[in-house]
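Order-wise, the sequence lines are chains F and G.
For what it's worth, our numbering labels the leading residue of the first sequence as 544, then goes sequentially.
For what it's worth, our numbering labels the leading residue of the second sequence as 688, then goes sequentially.
What follows is a short report on a single structure.
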Amino acid sequence: MTSGAGRVAGIRPAGDRAVLIELDDLDSVRRLHEELSRAHITGVADIVPGARTLLVIADRPHGTALAAAVRLARGPAAPSGGTAPPATVRLPIRYDGADLADVARRCGITVAEVIERHSRPRYTAAFLGLSPGFAYLVGLDPVLRLPRRDTPRTSVPAGAVAMASEFTGVYPRSSPGGWHLLGTVEERLWDLDRDPPALITAGVAVRFEPIA
Amino acid sequence: MIDVLAPGPYATIQDLGRPGYAHLGVPRSGAADERALTLANRLVGNPEGHAGIELTFGGARLRFADPAWIAVTGAPCPLYLAGRVAEMYAPVWVPAGAELVVGAPAAGLRTYLAVRGGVEVEAVLGSRSHDSLSGLGPPPLRPGDRLPVGVAGDRPITVDAVPGPAFPAAPVLGVLPGPREDWFTEEALRAFYGTPYEITPESNRVGVRLRGAALHRAREGEIPSEGMVTGAVQVPPDGRPIVFLPDHPPTGGYPVIGVLTSRALAVIAQLRPGDQVRFRPGGPGAR
């Protein structure tokens, strides 16, 4: 959408120092996130993308920063070409996950088909959460959609590639986890010596490339 | 250097947290009662955001290897410096080698100690706060830890003492509606704003978990994950509200019925398990 009128679906209050901007889809979230970040509005502390929203948090209550952010969001979108196309992160993956056979059984397909269906799409990082650097990737093949495991694992290794519901993702560090484990990547998803420390940020495209 | 002889039940280093990284999945973290930490810093002539020690249920023993100015604020505890009673809410001169003993708080939960120059452990992403959710920042204090103290700035110490805030037994806290108030039934809103809730022992720096009337939703389904603020009252499917404190996850999928005002946040951060609280709808400027 190029005109300002339609791109904001709604504005919801979120306390005395934040506002939740509702948008129609992921791509609108990505574009507005980029615009708001680039505007460097004084007093804005954080801009947090969600699946259909941007949360703008000010550094103090009752300031003018939120009104400025809302004005920008309601205004005309940056001209096409004003925002860069999303970058692509390629992750070589070894499909050696502990749940591979179980996932194949529950989906009623072969292990080879699970791998094929998981490695085919170009995913998009919708938002981050759960732990620093953990990106929720959307674009999962509907055949692979399973609810979370009944019993979460107490420890999932760093680099584990997993999926649940409509999402797939990579655990940046060893942590408890309830998703189905499909494989492993070697890349460090979270590295404090890198700027930004997260390898995958909201809006970027991600491809899993199977290692033979 | 400050030598930690005993940290008490739970003690961490806190400053004003890590703003600017929530979009990478990093909690804001920082002092649970910001008001108390910034006051302690002002009392010793520090910038408000210097790192100090956040004690939970007091109970700490610290030895100061070097002379220092300190100030203790937040939940009121008995203080003994080199065996003598010392004042809270005031700058206190600590001679080299003196030991500070912090007793258990008479009211409230979290007590803050600022030292002139600030606690200068290594910063991670611009902050020295321990984040209990992600593990970023210095770990919780243990006996034997040695905490470096920074160099004091030019700002003089100008105040002798300030009155401490009240710690009411059953406070009424202002809540601003939304962002997902429309997910709840009329009955749920009446219960939330009309009945008392109790702080449960499962509460921590991530969130205050409340026991009381369950809040039922007016609609089915889940919210696509969205950004969360400190003070948000999130309601999981069991209907028991959780008030997010600074180590909360930056995104979440449960609807938020309302958000505590910044003032109310400082109050709830000082409530202990078993304490009661009531909520009332607050407009702009609500206290």
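Ideal placement from N, C-alpha and C gives every residue a C-beta, glycine not left out.
Owing to the predicted nature of the structure, the values given are computational and were not obtained by experimental measurement.
Check	Outcome
Cβ of F:R555 within 8 Å of any chain G Cβ	yes
Where F:R560 falls: helix, strand or coil (DSSP)	coil
CB contact check: G:L863 to chain F, cutoff 8 Å	yes
Beta-carbon separation (whole angstroms), G:R797 vs G:D720, contact threshold 8 Å	5 Å
Any C-beta of chain F under 8 Å from that of G:H737	no
Neighbouring residues, chain G, relative to F:R560 (Cβ below 8 Å)	V916 and S949
CB contact check: G:V895 to chain F, cutoff 8 Å	no
C-alpha gap between F:A701 and G:R829, whole angstroms	27 Å
Chain-ordered neighbours of F:R595 on chain G, where CB pairs are closer than 7 Å	P911
Whole-angstrom distance between F:R595 and G:G926, CA atom to CA atom	24 Å
Residues near G:A773 in its chain [Cβ-Cβ closer than 7 Å; skip 5 each side]	L766, Y767 and V779
F:D662 versus F:R750 - alpha carbon distance	Per the sequence shown, the amino acid found at residue 662 of chain F is Ser instead of Asp. So the alpha carbons of these two residues sit roughly 7 Å apart.
Own chain residues within Cβ distance below 7 Å of G:A956, not counting five before or after	A719, D720, R797 and L932
Ranges of the beta strand (DSSP E) found wholly within the stretch 767-818 of chain G, counting only runs of at least 3	771-773, 779-781, 786-789 and 797-802
Any beta strand (DSSP E) of 3 or more consecutive residues that is wholly inside the stretch 817-896 of chain G	859-864 and 884-886
Supposed contact pair G:L897 and G:I910 - C-beta distance, whole angstroms, cut 8 Å	Between G:L897 and G:I910 the Cβ distance is about 20 Å, and since that is not below 8 Å, they are no contact.
Cβ neighbour criterion (16 or more within 10 Å) applied to G:P835	exposed
Under 7 Å (Cβ pairs) to chain F, residues found in the stretch 927-940 of chain G	P936, P937 and T938
Extent of the continuous alpha helix (DSSP H) run through F:R716	Neither: F:R716 is in no alpha helix (DSSP H) and is coded neither H nor E.
Three-state secondary structure (DSSP) of G:L958	coil
G:L812 CB to nearest heavy atom of the ligand FMN below 7 Å	No copy of the ligand FMN appears in this structure; indeed no ligand is present at all.
Start and end residues, alpha helix (DSSP H) containing F:H661	V654 to S662
Classification of G:T948 by the beta-carbon crowding that lies within 10 angstroms, buried from 16 upward	buried
Reference F:S717, options G:G822, G:T743, G:H737 and G:L800, closest by Cα	G:G822
F:A748 beta carbon less than 8 Å from that of F:R649	no
Host beta strand (DSSP E) of G:E741 (start-end)	G739 to T743
Contacts that G:A875 makes with chain F (C-beta to C-beta distance below 7 Å)	In chain order: nothing, as chain F lies at least about 18 Å away.
Identity of the residue in G:G918, G:G824, G:T845 and G:V806 nearest G:A777 by Cα	G:T845
G:H651 - DSSP class collapsed to helix/strand/coil	Residue 651 of chain G is absent from the structure shown; chain G starts at 688 and stops at 974.
Cβ-based neighbour list, G:P961, same chain, cut-off 7 Å, excluding 5 preceding and 5 following	Per the sequence presented here, residue 961 of chain G reads as Gly, with Pro not at that position. Taken in chain order, the residues that qualify are E885 and I886.
Whether F:V613 touches F:I652 by CB criterion (8 Å)	no
Environment of G:E907 [buried if 16+ CB atoms lie within 10 Å]	exposed
Own chain residues within Cβ distance below 7 Å of G:G813, not counting five before or after	R705
Presumed contact (8 Å Cβ cut-off) between G:F871 and G:A794, rounded CB distance	Not a contact, Cβ separation roughly 32 Å.
Bounding residues of the beta strand (DSSP E) (the contiguous stretch that carries F:A610)	Premise fails: F:A610 lies in the alpha helix (DSSP H), A608 to R617, not in any beta strand (DSSP E).
Reduced DSSP category for G:V916 - H, G, I as helix; E, B as strand; rest coil	coil
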